[in-house]
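Notes to accompany the following structure.
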Amino acid sequence: MRAAVEAVLRIDATFAEIAAGTSEPQVGLIRLAWWREALERLDHSDPPAEPRLSAISEHCLPRGITGAMISGIEDGYVGLFETSADWHRVGKGGSALFGVIANLLGEDDHKLNAAGALTMLARTRNLAPGDAKSIALEHLTTLRGHRFAKPLRPLTNLARLAARDFLRAEPEPEA
48 MRAAVEAVLR IDATFAEIAA GTSEPQVGLI RLAWWREALE RLDHSDPPAE
98 PRLSAISEHC LPRGITGAMI SGIEDGYVGL FETSADWHRV GKGGSALFGV
148 IANLLGEDDH KLNAAGALTM LARTRNLAPG DAKSIALEHL TTLRGHRFAK
198 PLRPLTNLAR LAARDFLRAE PEPEA
């Protein structure tokens with residue numbers, strides 16, 4: 048189980064690196080599209096000689112997580128490359144990430160989408176122009192007072208940290 052979650056998080060980290068390290072939007076979109084297509088191909092062909100894709104094939108596919116499901120995370124990062132960042136789209140990428148991991152854990156919660164979106168907005172808000180705070184506060188309102196099942200709490204603790212970051216008067220300095 049742990050290897051499967053780590054494989055998904057490595058793919059997400061790859062998308063984040065592309066978003067953070069690309070100065071030319073079209074190049075970033077092409078790189079993200081390559082990964083999306085490679086993930087989707089895993090559903091019907093062997094993985095290429097790429098360790099992150101091999102890990103998805105080995106640890107996630109046997110657990111019923113398809114490459115297409117994981118590729119949904121990529122769409123959120125695409126929202127960062129639009130002329131004006133599409134923060135709703137970015138949030139949906141976070142919802143996809145949390146959904147895949149919850150599926151691996153065998154859990155579900157109707158408010159998990161909001162937790163994933165809030166987390167992704169906090170992680171990416173400095174990567175594109177515009178303000179994600181109003182959308183983040185909508186998700187925070189949805190989550191207020193909700194308790195997630197125990198197996199989901201390590202995942203949803205990320206949403207708690209994201210909420211804290213959005214509620215601060217000033218951003219916390221980088222470590």
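Under our numbering, the letters of the sequence shown match residues 48 to 222, in that order.
No residue lacks a Cβ here, since even glycine has one placed at the ideal position from N, Cα and C.
Predicted, not measured: the structure shown is a model, and the values here were computed from it.
A direct Cα-Cα distance of roughly 39 Å separates P109 from S181. At the C-beta level, I103 and A54 come within 8 Å of one another.
Look at F128 here: in three-state DSSP terms it is helix.
Of the residues assessed, D93 falls on the exposed side of the cut-off, its CB having fewer than 16 other CB atoms within 10 angstroms. Per DSSP, the unbroken alpha helix (DSSP H) holding M167 starts and ends at 159 to 171.
Just so you know, the alpha carbons of G140 and K197 end up roughly 23 Å apart. In chain order, W134, V137, G138, G141, A179, I182, A183, H186, A209, F213 place their CB closer than 8 Å to the CB of L168, counting only its own chain and leaving out the 5 sequence neighbours on each side.
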